[in-house]
Amino acid sequence: MTVKQLSMPELVDTCLELGVPGVGLWRAPVETYGLEETAKLVRDAGLAVTTLCRGGFFTAIDPAERAEALADNRRAIDEAATLGTDTLVLVSGGLPAGSKDLHGARERIADALGELGPYAAANGVRLAIEPLHPMYASDRCVVSTLTQALDLAERFPANQVGVAVDTYHIWWDDQAPAQIARAGAGDRIHTFQLADWTTPLPEGVLNGRGQIGDGAIDMREWKAYVEAAGYTGPIEVELFNDGLWARDGREVLAETAARFVEHAA
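Per UniProt numbering, the sequence shown starts with residue 1, numbered consecutively.
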C-alpha cells in the first residue's frame, strides 16, 4: 500500500531492482491482479509474501453481518495460504452504528477469533491483531493498545492468534515497550511495521502516515524493543499517504528503502 500506484508486476520488478526481499500485500490489489496470478508472480520472482492485509471487522451486532464477516475472513485466510504467507493482519472493527458499548464490541472480536483461529492454524496461517491509534476507535478499530490486543490474543494458542506491532499506532503509549516484551515472551509478535507520525494530520486522518524520518518516532528505539523481545521476522513499511501516492511509485519505493537503511537498519 506504500506504493499502491504501482501495478503488481511493477511492484515486483521494483522490489527486485532494489533488493527488497519481501512484500506485504493487501487483498484489493491482489484481487485486481488475480489471486493465483499474484501468487505465481511473487513466487517466480523469489519474493516472500510477509503478510496479507486485511481481515477483521468483527464487531457487527446483526447476525447476518457477523456471518458475512466470518465468511470473508475465511476467504482471507485461504488467500493468505495461497500467497504463501503465514500471517493475516486484522483490523478488528469499530463501534456499530448507534452503539457505545466498547466492551461488547471487544467481546464480539473474541468470539470471532474463537471461530477463526482453528481454521487459520489448520491452513498454516496466524491471525495478527493490530491495535490502531485511539483516534480510530469509533469507526475502525476498538482495539487501541497492545495491552488490549494481547488480552484478546492470549485467550488462544500463539499459533492461532498474535499481534501486529506498528510504530504509527503505538509510539505514544508508554506501556507499549513492556507489552512488546510480553508479546515476545509468548511468541505472539507476528509482524512488525514502520510508519512515522507527522502533523498536522490530513482530513479524515486515515492517510496521514509519514515517510520514515519525517516525523516524531524513533524507529531504531522501537526496532530495539522488538529485537529484545526475540522477534527476528520481516520488517514492513506501511504508509498511507496521498502525497506519496501522487508521486512516481518506483521513486517512492527507492526513497522508502533508503529511509529504512538510514533510520531503522
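C-beta: ideal position from N, C-alpha, C; glycine also.
Just so we're clear, the structure is a prediction, and the values are computed from it rather than from any experiment.
In whole angstroms, give me the CA-to-CA distance for T82 and M8.
16 Å
Starting from the N-terminal side, write out each stretch of the beta strand (DSSP E) that is 3 residues or longer and does not extend beyond the stretch 95-182.
126-129 and 161-166
By Cβ distance, which residues of its chain are closer than 6 Å to A153, with the 5 residues on each side in sequence left out?
I129, V161, G162, V163 and R188
So, helix, strand or coil for T50, using DSSP?
strand
Straight-line Cα distance separating L239 from V252
11 Å
Flag this pair as yes or no: are the beta carbons of R220 and A264 separated by less than 9 Å?
yes
Grouping DSSP H, G and I as helix and E and B as strand, with all else coil, what is I77?
helix
Going by the DSSP bridge assignment, what does V89 pair with across the sheet?
C53 and A128
Pick out whichever of L206, T32 and D166 has its Cα sitting closest to the Cα of H190.
D166
Look at L116 and N73 and say whether their C-beta atoms are less than 9 Å apart.
yes
So, using beta-carbon positions, are G93 and C141 closer together than 9 Å?
yes
On the CB-based measure, 16 or more other CB atoms within 10 Å of its CB, does T50 come out buried or exposed?
buried
At what residues does the beta strand (DSSP E) containing L206 begin and finish?
Where L206 is concerned, there is no enclosing beta strand (DSSP E), given that its DSSP letter is neither H nor E.
Would you kindly work out how many angstroms separate the C-alpha atoms of residue 273 and G243, rounded to a whole number?
Since the displayed the chain opens at 1 and closes at 265, residue 273 lies outside it and no answer follows.
Among all the DSSP beta bridges, which residues are the ones paired with T32?
T32 pairs with nothing; no bridge assigned.
Alpha helix (DSSP H) segment containing V12, residue limits
M8 to L18
Go through its chain and collect everything with a Cβ distance to L18's Cβ below 8 Å, but skip five positions before and after it.
L253, A254 and A257
So, at 7 Å on beta carbons, what are the nonlocal neighbours of A45 in its own chain, with the 5 sequence-adjacent residues on each side left out?
V12 and L16
To the nearest angstrom, how far is it from the Cα of N207 to the Cα of T2?
11 Å
What span of residues does the beta strand (DSSP E) with G24 cover, start to end?
G22 to W26
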